[in-house]
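Under this note's numbering, think of the first position of the sequence shown as 2, with each following residue one higher.
Built from N, CA and C at the ideal position, the CB exists for glycine as well.
Since the structure is predicted, the reported quantities are computational estimates derived from the model, not experimental observations.
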Amino acid sequence: SCRRPVRRQLALTMAKGLNTILKLRRWTLDERKKDLLAAEARLSEARRSRQRLDVSIAAEFDLARQDGFGGAALGPWLDRMRQRRQDLDTAVRQAIQDVATVRDGVAVAFADVKKIELTLEHRASAEKTARDRAEQITIDDIAIDRHRRAHSRRSSA
């Protein structure tokens, strides 16, 4: 009987600790989501830059054809644009990898949050079951006492 208050206090302390950990894990999840948004924005910008370069190259070729500009003069410029396209392609691939890595981090953070939430729910359910059981035992004890009293009155009368 003297151990129950200690166990209850320990359970309350552990629950408070879990709530604090849950807050921290939720904060971490929010930070990971922000990181994901930033990584997706970088990917989007890299793709837009690549698209703008393609449009620019096409426009320069059209202009060169209209002006009757020779292909030899476009050679060095075209080499630079090819290099620029390769650099942008590399940036897009890197951004895709970054998004995947950050997305994995979000998934891990979400799993951590969910695990703690489920633990807290399980503990709350177990505590409710224990309270309900204790209440039912008390009710049963009262009913037994009433029955004994009623039965002892009938026996003595």
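Query                                                                                                                                                                              : Result
Please report the distance separating the alpha-carbon of S2 from that of I138.                                                                                                    : Residue placement at S2 cannot be trusted, given a pLDDT of 44 that sits under 50; the coordinates are not used to answer.
Run through DSSP, which three-state label would G69 get?                                                                                                                           : coil
Out of curiosity, what's the CA-to-CA distance linking A47 and G106?                                                                                                               : 22 Å
Might you give, ordered along the chain, the residues of its own chain that have their beta carbon closer than 6 Å to the beta carbon of A110, omitting 5 neighbours on each side? : T29, L30, R33
Do you know how far the Cα of P77 is from the Cα of L25?                                                                                                                           : 55 Å
From K87 to E122, what distance separates their C-alpha atoms?                                                                                                                     : What sits at residue 87 in the sequence shown is Gln, not Lys. Their backbone Cα atoms lie some 52 Å apart in a straight line.
Using alpha carbons as the reference points, say which of T102, R124, T130, D133 lies closest to D1.                                                                               : It is not possible to answer for residue 1, since the shown part of the chain is limited to 2 through 158.
Considering only their Cβ atoms, is the gap separating E136 from L23 smaller than 8 Å?                                                                                             : no
Rounded C-beta distance between L79 and R51? I'm assuming under 8 Å.                                                                                                               : No, L79 and R51 are not in contact; Cβ-Cβ is about 16 Å, not under 8 Å.
With a Cβ-Cβ cutoff of 8 Å, do D113 and A40 count as a contact?                                                                                                                    : no
Kindly indicate which residue of A65, D63, R132, A96 has the alpha-carbon position closest to the one of Q42.                                                                      : This sequence places Ala at residue 42; Gln is not what is there. Nearest option by C-alpha distance: A96.
Tell me the rounded alpha-carbon separation between K115 and R27.                                                                                                                  : 10 Å
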